[in-house]
Amino acid sequence: MNDAAPAHTPAPRRARLRAPELVGKGGWLNTGGKDLTLAALRGRIVILDFWTFCCINCLHVLDELRELEEKHRDTVVIIGVHSPKFVHEAEHAAVVDAVERYEVHHPVLDDPELATWKQYAVRAWPTLVVIDPEGYIVAQHAGEGHAHAIARLVDELEAEHEAKGTLRRGDGPYVAPEPVATDLRFPGKALLLPSGNLLVSDSTRHQLVELGPDGESVVRRIGSGERGFGPDAFSEPQGLALLPDGSVVVADTVNHALRRFDPATGAVETVAGTGRQWWQGSPTSGPALEVDLSSPWDVAWWQGKVWIAMAGVHQLWTWDPETGTVAVSAGTTSEGLHDGPAPEAWLAQPSGLAAAGDRLWIADSENSALRYVEPEGEGGDGYAVRTAVGTGLFDFGHRDGDAAQALLQHPLGVTALPDGSVAVCDTYNHALRRFDPATGQVSTLATDLREPSDAVLVGEDIVVVESARHRLTRLRLPEEAVRVDAVAHRTQRAATEVAPGTLRLDVVFQAPTGQKLDTRYGPSTRLLVSSTPPELLVGGEGTGTDLFRELALNPEVTEGVLHVSAMAASCDDDPANEYPACHVHQQDWGVPVTVTADGATRLPLVLAGMDA
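Residues in the sequence shown are numbered from 1 upward in steps of one, following the UniProt record's numbering.
Below you can see the structure in the form of structure tokens.
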């Protein structure tokens, strides 16, 4: 409509595209067994959250949406559309587990074949789509950090449709599942205490649990059991590491902090992090209690410091208890697999650490890789990152044999074994694997473990955290590995067909309503482009400040993955505010491409949503 609105009401949005209906072969969760339709939700503001449970950015968005969900519960319906990357994530039981594990309190559509993903032309995890009460798409946002923009849009939509009479208030369709009683609920990591007891991070219950030597008897619980950030509260804790003084450092993942637990007194204190999530442009070193962290997933004592698997930014950080400081030690924040000097290496959601002599082993989950850090340079004053098993973001499976062709699937835990080999909790393969550096061989130690996330040595046994079975399982380390039929996969996301020669890359960004690009200190945008294999690009790779690029494709390479990382900074556009709030919008894409004669010559990627 072209009619001007009265001055006292928000300008109506021009609805350009009706939202496609929601379909998925896996069915619906959190609805009491009912199927939902957009037609039945007419009158409500609907936010679709395209997510997959392996993705740390998706987990960040789940937490960002909690406040919005609670504040607008009578007008907004959030619907998670689970769109799997890994084969394991297409299993319905795994999606059911993930919805409980991460406390998803809204309806979820299980879409194992990516049908709705394709209908909405989604290209990245996570993506948020806002649908107005009349059933039209009004905004789309890729990546995390958009809660403030969506909250503002929701306020505008409420006012607009309240005035039009098209807003319907009331209870939403969410139906909570029945709780299940178990001593542990989706435990994450475990640690052998000097007493012989086992300490476990009971992640979904937001507690630490001390178990007796049998791994079953509960000795005590640490933490209130309610999500929080205080002396008696955690939020989805994960990694545990024993310090030389006998205390335990805890990766308090969703609080973006490190906590220290004293087993002797039961006291808990914060030693690193502010409780806020780190964003691009924030400090990367300094006093530990003044620097933001981002989803620390595991910790290990190595080389006189606590090393932190900072899953949220694809890096390794360190905390020095002597100086009380933190610093980045490996990784650039770019997601991928690239070896070399630690400051230049690329990681992908590192989630498990294990110290073994002069190596720090890493379960690099999104790369489905086993990697390690080792000293490098004269006097060992620097570090390098190397890969033992794995090839990158899109290749995974269950294959034993030579490390160069062996495959894992989203491992979350790694344990150093007495003979110098390494046990890997191959989480999405439900297996315990072993890599022997002496022979370069990968074998399978055990199968039929349900989402193993960590393992700890206890005498001649290895105790595995079976996260999705809510228990610890004790295994005798076998002399010979179990044989498993080899399986290889590539992520099922459809490749984008592109034409050979020049490909125009456009990262589409428009500052959200009420904001403008922040150009006070120079360019406010950044674009980084690379490819796997590197030979796919013969021009256009590297870093620049424009959000567009002419890429030159190698005609001799017919398929690969384009890695694109984009960032833009915007500030609130309020001339009366001398110190406006500023926001960083960032997204990484891995775009599988196939080069065909009739393919596209332009590749558009949406960095932040634009009002329709």
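Cβ atoms here follow ideal geometry from the backbone N, Cα and C, with glycine treated the same way.
Original post:
Near D358, which residues of its chain fall below 7 Å by C-beta distance, leaving aside the five closest residues on each side in sequence?
Top reply: For the purposes of this step, residue 358 is taken as residue 358 along the sequence shown, with counting starting at 1. Same-chain partners within the cutoff: E374, P375.
Original post:
alpha helix (DSSP H) containing D97: first to last residue?
Top reply: For the purposes of this step, residue 97 is taken as the residue at position 97 of the sequence shown. Per DSSP, D97 belongs to the alpha helix (DSSP H) from 92 to 101.
Original post:
Does DSSP classify G377 as helix, strand or coil?
Top reply: In the sequence shown, the residue the question calls residue 377 occupies position 377. Secondary structure at G377: coil, using DSSP grouped into helix, strand and coil.
Subject >> Through-space distance from V529 to G501, alpha-carbon basis >> reply: As a position in the sequence shown, residue 501 is number 501, starting the count at 1. As a position in the sequence shown, residue 529 is number 529, starting the count at 1. When rounded, the distance between both Cα atoms is 16 Å.
**OP:** Counting only the same chain and skipping the five closest in sequence on each side, list residues whose C-beta sits under 7 Å from that of N2.
**Re:** Counting from 1 along the sequence shown, the entry for residue 2 is found at position 2. Residue confidence for N2 is low, a pLDDT of 37 falling below 50, so the modelled location carries little weight; the figure read from the coordinates is stated next. Listed in chain order, the non-local C-beta contacts of N2 below 7 Å within the same chain number zero, local neighbours out to five positions each way being set aside.
Original post:
So, Q349 versus A311, is the Cβ gap smaller than 8 Å?
Top reply: Here residue 349 refers to the residue found at position 349 when the sequence shown is read from its first residue. Here residue 311 refers to the residue found at position 311 when the sequence shown is read from its first residue. Remark: C-beta atoms of Q349 and A311 approach each other more closely than 8 Å.
**OP:** Would you kindly check if the distance between the Cβ of R526 and the Cβ of A540 is under 8 Å?
**Re:** The residue you call residue 540 lines up with position 540 of the sequence shown. The residue you call residue 526 lines up with position 526 of the sequence shown. It should be noted that the sequence gives Gly, not Ala, for residue 540. Not in contact: G540 and R526 (Cβ atoms no closer than 8 Å).
Subject >> Spatially closest choice to A147 from T594, N554, T513, E559, by CA coordinates >> reply: Locating residue 147 in the sequence shown gives position 147, counting from the first residue. Among T594, N554, T513, E559, the Cα nearest to that of A147 belongs to T513.
Subject >> W317 versus S201 - alpha carbon distance >> reply: Translated into the one-based positions of the sequence shown, residue 317 becomes position 317. Translated into the one-based positions of the sequence shown, residue 201 becomes position 201. One C-alpha to the other measures close to 21 Å.
**OP:** Report the three-state DSSP secondary structure of W117 (helix, strand or coil).
**Re:** Taking the sequence shown and counting its residues from 1, the one referred to as residue 117 is at position 117. Three-state DSSP puts W117 in a helix.
**OP:** Report the residue from V561, K516, V595 whose alpha carbon sits nearest the alpha carbon of P575.
**Re:** Taking the first residue of the sequence shown as position 1, residue 575 is located at position 575. Checked all of V561, K516, V595; the closest Cα to P575 is K516.
**OP:** Excluding the 5 residues preceding and the 5 following D598 in the sequence, name in chain order all residues of the same chain whose CB lies nearer than 8 Å to its CB.
**Re:** Here residue 598 is taken as the residue at index 598 of the sequence shown, counted from 1. Cβ within range, chain order: E497, A499.
Original post:
Whose C-alpha, out of T52, G275, G273, D292, is nearest the C-alpha of L281?
Top reply: In the sequence shown, counting from the first residue as 1, residue 281 sits at position 281. Per the sequence presented here, residue 281 reads as Gly, with Leu not at that position. Minimum Cα distance to G281 is reached at D292.
Original post:
CA-CA distance, V385 and W28?
Top reply: Here residue 385 refers to the residue found at position 385 when the sequence shown is read from its first residue. Here residue 28 refers to the residue found at position 28 when the sequence shown is read from its first residue. C-alpha separation (whole angstroms): 42 Å.
Original post:
Is it true that the segment 147 to 158 meets the segment 111 to 123, where meeting means three or more beta-carbon pairs spaced less than 8 Å apart?
Top reply: no
Original post:
How about A267 and G324: are their beta carbons less than 8 Å apart?
Top reply: Locating residue 267 in the sequence shown gives position 267, counting from the first residue. Locating residue 324 in the sequence shown gives position 324, counting from the first residue. No, they are not a contact pair.
Original post:
Does the distance from the C-beta atom of I150 to that of P107 stay below 8 Å?
Top reply: Counted from its first residue, the sequence shown places residue 150 at position 150. Counted from its first residue, the sequence shown places residue 107 at position 107. Cβ atoms of I150 and P107: not closer than 8 Å.
Original post:
If you pair each beta-carbon of the segment 385 to 394 with each one of the segment 337 to 356, do three or more pairs fall below 8 Å?
Top reply: yes
Subject >> Candidates D419, E269, P343, of which the one nearest T284 by Cα >> reply: In the sequence shown, the residue the question calls residue 284 occupies position 284. Nearest option by C-alpha distance: P343.
Subject >> Opposing strand residues paired with F261 [DSSP bridges] >> reply: Working through the sequence shown from its first residue, we reach residue 261 at position 261. Looking at the DSSP assignment, F261 forms a beta bridge with V248, V268.
Subject >> Buried or exposed (CB count within 10 angstroms, at least 16 for buried), residue 613 >> reply: Lying outside 1 to 612, the shown extent of the chain, residue 613 is not represented and no answer is given.
Original post:
So, helix, strand or coil for Y428, using DSSP?
Top reply: As a working mapping, residue 428 is identified with position 428 in the sequence shown. DSSP places Y428 in the helix class (H, G or I) of the three-state scheme.
Original post:
alpha helix (DSSP H) containing C58: first to last residue?
Top reply: Taking the sequence shown and counting its residues from 1, one reaches residue 58 at position 58. Where C58 is concerned, the enclosing alpha helix (DSSP H) stretches over 56 to 71.
**OP:** Whole angstroms is fine: what's the gap from G304's alpha carbon to L360's?
**Re:** Here residue 304 refers to the residue found at position 304 of the sequence shown. Here residue 360 refers to the residue found at position 360 of the sequence shown. Distance between the alpha carbons of G304 and L360 is about 12 Å.
Original post:
Straight-line CA distance for Q277 to E144?
Top reply: Working through the sequence shown from its first residue, we reach residue 277 at position 277. Working through the sequence shown from its first residue, we reach residue 144 at position 144. Roughly 11 Å between the two C-alpha positions.
Subject >> 7 Å CB neighbourhood of L449 in its chain, flanking five on each side removed >> reply: Position 449 of the sequence shown, counted from the first residue, corresponds to residue 449. Contacts found: H430, A431, L432, V464, E466, T473.
**OP:** Let me know the secondary structure DSSP gives K164 once reduced to three states.
**Re:** Against the sequence shown, residue 164 aligns to sequence position 164. In the structure shown, K164 sits in a helix (DSSP, three-state: H, G or I).
Subject >> Beta bridge counterpart(s) of D202 as assigned by DSSP >> reply: Taking the first residue of the sequence shown as position 1, residue 202 is located at position 202. According to DSSP, which records beta bridges pairwise, D202 is partnered with P187, Q207.
Original post:
Are the CB atoms of P133 and T31 nearer to each other than 8 Å?
Top reply: If you number the sequence shown from 1, residue 133 lands on position 133. If you number the sequence shown from 1, residue 31 lands on position 31. For P133 and T31, no; Cβs fall outside 8 Å.
Subject >> Cβ shell of Q207 (< 7 Å), same chain only, five flanking positions each side left out >> reply: As a working note, residue 207 is residue 207 in the sequence shown. Excluding residues within five positions, the ones whose Cβ falls inside 7 Å are R221, I222, G223, G225, F234.
Original post:
Per DSSP, W302 forms a beta bridge with which residues?
Top reply: Translated into positions along the sequence shown, residue 302 becomes position 302. In the DSSP output, where bridge partners are listed per residue, W302 has K305.
Subject >> Stretch-stretch touch, CB-based, cutoff 8 Å, three pairs: the segment 186 to 203 with the segment 237 to 244 >> reply: yes
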